[in-house]
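Student: Before anything else, here's the structure in question.
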Amino acid sequence: MKQKPSIPKGTRDFTPGEMLKRNYIFNTIRTVFENYAYLPIETPAMEKLSTLMGKYGEEGDRLLFKILNSGDFLKKVSDEELTKRDIPFLANKISEKGLRYDLTVPFARFVVQHQNDIVFPFKRYQIQPVWRADRPQKGRYREFFQCDADVIGSKSMINEFELVQIMDEVFNRLNMPVTIKINNRKLLQGIMESMGIKEKFMEITVIIDKLDKIGETKVKEEFSALGISDEISDKLMNVFLYKDNTKSKLDMIKSLTENTQAGTKGIEETEKLWTYIDHFEFDADIELDLSLARGLDYYTGAIFEVVAQDVDIGSICGGGRYDDLTGIFGLEDLSGVGISFGADRIYDVLEKTGGFPETQMQQSEVLFLNFGAQEEIHCLPWLSALRKADINAEIYPDPVKIKKQMKYADKKKIPWVIILGKDEMKADKVKLKNMHSGEEHLIPPNDIVNKIRVTNQYEQK
RNA sequence: GUGGGAGUAGCUCAGCUGGUUAGAGCACUGGAUUGUGGUUCCAGGGGUCGUGGGUUCAAAUCCCAUCUUCCACCCCA
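With the working numbering, you'll find the first sequence wraps up at 446, consecutive numbering, no jumps.
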């Protein structure tokens, strides 16, 4: 009985064609990260649950993939406890590892653990998959890749500014029009403090984050469900819907929050960031979006989010400053700021807009046809010569029908085919066929490399 | 966790007011063309119709259950 194979939901296989496109994205991001002097690290796919739990809020804990202990995983559980079916309690007893949920918390753990070996301010980048036990849907997967850059051990707003430059540069290189939204958690804190609703900070941020998605009326409904008076609700909406230039927005917040410490600090930070931003030209649209909140608990200062202008797919990059991420691991007073690119969503956007450049998708450039044992041997030195010349080349491994071999070249979009059979061997020539034009050139084997290079140069012009 | 759709060939799907042997396109294999691809034409292989039960003379088709999957909400990249 044959079974139909499949993969877990929310996960994906990547074909060679898809990998070429994905690598194009990863390489672009990596190049820009390194250009700004961020260094690579990697951390394990699984972390101890004690590292992961409690860092992403209640919802986040629920979405952690937990790994069953090996061996007799029930040995710590009594029959009585088992029958109570207290899932969180049991999960705690039978599982002590989980798959990483993001790259930021493992990074914080990494910094604390290697604090004696690393140089502060520490700038690292990390491109690895993360896992969330979410219910998958369009643009949301259970396994997806994040590309993070963080700097830890510096409070300077230069870091924020450079991260904005990185976001701009990456999407500029990918030829993707985007809007970079910036806000500051301290401004939000100041606003809520001045209105006396500070204790509902988390709930309110989650709601206003949805503002452009569900609209003003729905947001107000959710506010009142939270027990916020209509008066305060209106005041909040006035702030979040305020449309004007950055300076005017800041003045408005300033007058509103001048009595609050958080507000004053937030204004100061944001003004500082904008003095940098105003000195430079950007391809992306950059705006101070007061309704940007971001769900993750640990952000305390500037926050960022990038959305594509051409495709409505949610945020494709986000990040922010966190003041005390390493504190829970015992290393106090280290402030960090970072961003994270969602490679899978960027892929979806480029796919929809046809944004992948044809030329980047390199593969084998030359195929030697296989005419049989003698001809095969005769081909091998020339095959090596091409590879030494840095031209990706292959030989069809079996002496099957020429038609089939040609079809192979066609399907793999290999631009050159070398026909080296009995006739060519006798004449000490090879027949080089261009699969685009159909032209065939009978040339000495020594000329293959030149012919290909010259033609490629010509075609690029 | 809540709500809605869908499971038929390797893939995308048609068939579904029950009725002989379950179809198409793509893909695959062979041939027209034994040294020439992308176009065309011909032929062929491949399915216990997700699984279990029920109704019926008769079920891919109707009913129930179950599993899987997709979409939306929550939340998020």
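We put the CB at the ideal spot given by N, CA and C, even for glycine.
Does the distance from the CB of P121 to the CB of K(-6) come in under 8 Å?
Tutor: Result yes, Cβ atoms of P121 and K(-6) sit closer than 8 Å.
Student: Whole angstroms are fine: how far does the CA of K6 sit from the CA of A378?
Tutor: Taking the straight line from one Cα to the other gives about 20 Å.
Student: At which residues does the alpha helix (DSSP H) containing R(-3) begin and terminate?
Tutor: Counting along the chain, R(-3) falls outside any alpha helix (DSSP H), and DSSP gives it neither H nor E.
Student: So, helix, strand or coil for E147, using DSSP?
Tutor: E147 falls in the helix class under three-state DSSP.
Student: Alpha carbon to alpha carbon, how far is K33 from S55?
Tutor: Rounded to whole angstroms, K33 to S55 spans 14 Å at the Cα level.
Student: Below 8 Å on the Cβ atoms is my contact criterion, and I expect M142 with Y261 to pass it. Report the Cβ-Cβ distance as a whole number of Å.
Tutor: That belief holds up - the Cβ atoms of M142 and Y261 are roughly 7 Å apart, short of 8 Å.
Student: Using the C-alpha atoms, what's the distance from D64 back to L24?
Tutor: Their backbone Cα atoms lie some 50 Å apart in a straight line.
Student: Let me confirm a value: E3 is counted as buried when at least 16 other C-beta atoms fall within 10 Å, else exposed. Which label applies?
Tutor: The residue in question, E3, is exposed, as its Cβ has fewer than 16 Cβ neighbours within 10 Å.
Student: Would you give the residue range spanned by the alpha helix (DSSP H) that Q246 belongs to?
Tutor: That run of the alpha helix (DSSP H) goes Q246 to I262.
Student: Can you check which of these residues, L275, P73, D(-2) and D329, is closest to I193 by C-alpha distance?
Tutor: Considering only alpha carbons, the answer is L275.
Student: Quick one: give me the first and last residue of the beta strand (DSSP E) that N169 is part of.
Tutor: Start and end: V163 to N169.
Student: Taking contact to mean at least 3 C-beta pairs separated by less than 8 Å, is the segment 330 to 343 in contact with the segment 370 to 387?
Tutor: The segment 330 to 343 is not in contact with the segment 370 to 387.
Student: Quick one, are the C-beta atoms of G124 and I(-8) less than 8 Å apart?
Tutor: Cβ atoms of G124 and I(-8): not closer than 8 Å.
Student: Exposed or buried, which one is D329 when buried takes at least 16 other CB atoms within 10 Å?
Tutor: Under this definition D329 is a buried residue.
Student: In three-state terms, what does DSSP make of K140?
Tutor: Reduced to three states, the DSSP call for K140 is coil.
Student: In angstroms, rounded to a whole number, what distance separates the CA positions of Y9 and D295?
Tutor: Going by the C-alpha atoms only, they are around 20 Å apart.
Student: Taking DSSP as the reference, what is the three-state secondary structure of Y381?
Tutor: Coil at Y381, not helix or strand.
Student: Name the residue from P430, H99, I404 and K397 whose alpha carbon lies nearest to the alpha carbon of T0.
Tutor: Nearest of P430, H99, I404 and K397 to T0, Cα basis: K397.
Student: Kindly indicate which residue of G357, L67, K82 and L88 has the alpha-carbon position closest to the one of D383.
Tutor: Selected option, being the one with the closest Cα: G357.
Student: Quick one: what does DSSP say A293 is sitting in, helix, strand or coil?
Tutor: It is a strand residue.
Student: For R47, count the other beta carbons within 10 Å of its own beta carbon; 16 or more makes it buried, fewer makes it exposed. Which is it?
Tutor: Result: exposed.
Student: Helix, strand or coil for N419? Go by DSSP, reduced to three states.
Tutor: N419 falls in the strand class under three-state DSSP.
Student: Mind checking who E99 pairs with in its DSSP beta bridge?
Tutor: Note that residue 99 is His in the sequence shown here, rather than Glu. Paired residue(s): none; H99 is not in a bridge.
Student: Verify whether the separation of the beta carbon atoms of T231 and L281 is less than 8 Å.
Tutor: Not closer than 8 Å, so no.
Student: Taking just the CA atoms, how far does F208 sit from D219?
Tutor: The alpha-carbon atoms of D219 and F208 are separated by roughly 10 Å.
Student: In the DSSP assignment, what are the bridge partners of L53?
Tutor: Paired residue(s): S80.
Student: Express the C-alpha separation of S80 and I324 in angstroms, rounding to a whole number.
Tutor: Spanning the two alpha carbons is a distance of roughly 30 Å.
Student: On the DSSP bridge assignment, give the partners of A287 in chain order.
Tutor: Answer is N169, bridged to A287.
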